[in-house]
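Remember, my numbering sits 148 above the position in the sequence shown when you count from 1.
Where is the CB? At the ideal position from N, CA and C, for every residue including glycine.
To start, the structure itself, in structure tokens.
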Amino acid sequence: MSGHTHGASGHSHTPASGDHRRRLVVVLSITTLILVVEVVGAVVSGSLALLADAGHMLTDAAGLLIALIAANLALRPATLRRTWGYARSEVLAATLQAAILLAVGGFVLVEGVRRLVEPPVVASGAMVVFGAVGLVGNLVSMAVLLRARSGNLNMRAALLEVANDALGSVAVLVAALVIALTGWQRADAVVSILIGLLIIPRTLKLLRETVEVLLEGTPRGLDLQSVREHLLALDHVTAVHDLHASQISSGLPVLSAHVVVEDSCFLDGHAPQMLDQLQACVAEHFEVTIEHSTFQLEPDSHTQHEATSHA
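See the structure below:
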């Protein structure tokens with residue numbers, strides 16, 4: 149006998165709704181515009197710092213874009229061919245994003261070190277102009293998000309990312325001013341390396357998280373041994389095997405297990421109550437809330453028919 153629970157909010161991946169989503173779209177548009185402007189500025193001025201800051205902003209622009217795309221795709225219904233709908237598209241897009249950003253960050257670091265040794269001439273005037281445009285854009289984005297006055301986690305995260313971008317723009321301006329006032333061309337390389345060091349850890353973290361999802365690793369914060377112990381502590385449960393937990397996408401953990409119960413549960417009609425208890429256990433007792441769980445109940449007498457032993 150098996151059963152599952154499918155929480156009403158289980159497929160809700162929308163990062164924001166109504167006003168929040170519109171504000172995120174505005175911020176994404178501004179961030180993308182700044183990204184393009186800084187790439188142009190890097191070409192015009194020869195500044196690696198501007199290019200590095202553009203790479204930094206690409207991280208945030210891609211993150212916002214992935215969240216918005218995932219929110220829209222999550223609204224598409226599941227089908228017989230795609231039983232989870234398009235929920236995993238978020239993870240696939242994030243993996244691609246991380247791979248690209250890792251290449252960008254690596255290039256910035258290598259090129260930054262090379263420029264420390266042989267600093268090229270950088271047009272500090274153009275660097276100031278394009279850096280200022282980036283800073284103004286970031287400040288506008290911050291104002292848009294602050295006006296939401298929301299405790300929404302996604303909005304707060306977006307605000308922190310934009311504030312981080314603003315610091316990158318400030319660093320570019322500082323480097324430009326140092327070059328303009330002192331002629332020390334290596335300032336551009338130093339700032340580039342610092343921004344590259346901001347990109348790499350975030351990218352590796354994102355890549356690690358997406359790979360864990362694709363490899364169907366246990367969701368972070370969920371201790372399967374603790375889950376097993378809680379299930380075994382329930383009345384009438386004698387064993388638990390084939391216990392698996394993974395994630396379809398962020399915020400959508402799933403769990404399945406074969407649970408061996410006393411034969412009497414199948415004789416006195418107690419099995420349905422056992423399913424309720426098992427589902428409530430994984431939905432309420434752990435840091436990671438499991439709203440999608442599937443349990444196969446097996447009588448004690450069935451264990452002799454198991455071909456192999458499982459974890």
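With a threshold of 16 other beta carbon atoms within 10 Å, Asp-424 falls short and is exposed. In the three-state reduction of the DSSP assignment, Val-320 falls in the helix class, which pools H, G and I. According to DSSP, Leu-403 shares a beta bridge with Ala-393, Ser-441. For Leu-244, the enclosing alpha helix (DSSP H) covers residues 237 to 265. In summary, Ala-226 is exposed, with fewer than 16 beta-carbon neighbours lying within 10 Å of its beta-carbon over all protein chains present. His-204 counts as buried, since at least 16 other C-beta atoms from the protein chains shown sit within 10 angstroms of its C-beta. DSSP lists Val-409 as the bridge partner or partners of Pro-447. About 5 Å separates the Cβ atoms of Arg-171 and Val-292, confirming a contact at the 8 Å cut-off. The alpha helix (DSSP H) runs lying completely inside the stretch 318 to 391 and spanning 4 residues or more are 334 to 362, 372 to 380, given in chain order. Residue burial is scored here from C-beta neighbours: Arg-263 has at least 16 other C-beta atoms within 10 angstroms and is therefore classed as buried.
Excluding the 5 residues flanking it on each side, Cys-413 has same chain C-beta neighbours closer than 7 Å at His-384, Ala-419, Met-422, in chain order. At the C-beta level, Ala-235 and Ile-438 stay beyond 7 Å of one another. Under a 10 Å Cβ-count criterion, Val-239 is classified as buried, with 16 or more other Cβ atoms of the shown protein chains found around its own Cβ. Shown here, Ala-226 sits in coil according to DSSP, grouped into three states, outside any helix or strand.
Here DSSP, grouped into helix, strand and coil, assigns Val-277 to helix.
Arg-230 has its alpha-carbon roughly 36 Å from the corresponding atom of Ser-449. Membership of Pro-420 in the alpha helix (DSSP H) is indicated by the continuous run 419 to 432.
Counting of Cβ neighbours within 10 angstroms places Thr-330 among the exposed residues, the total staying below 16. Taking each of Pro-401, Leu-206, Asp-336 in turn and checking the Cα distance to Val-310, the smallest one comes out for Leu-206. Here the stretch 334 to 345 lies against the stretch 187 to 198, with 3 or more beta-carbon pairs under 8 Å apart.
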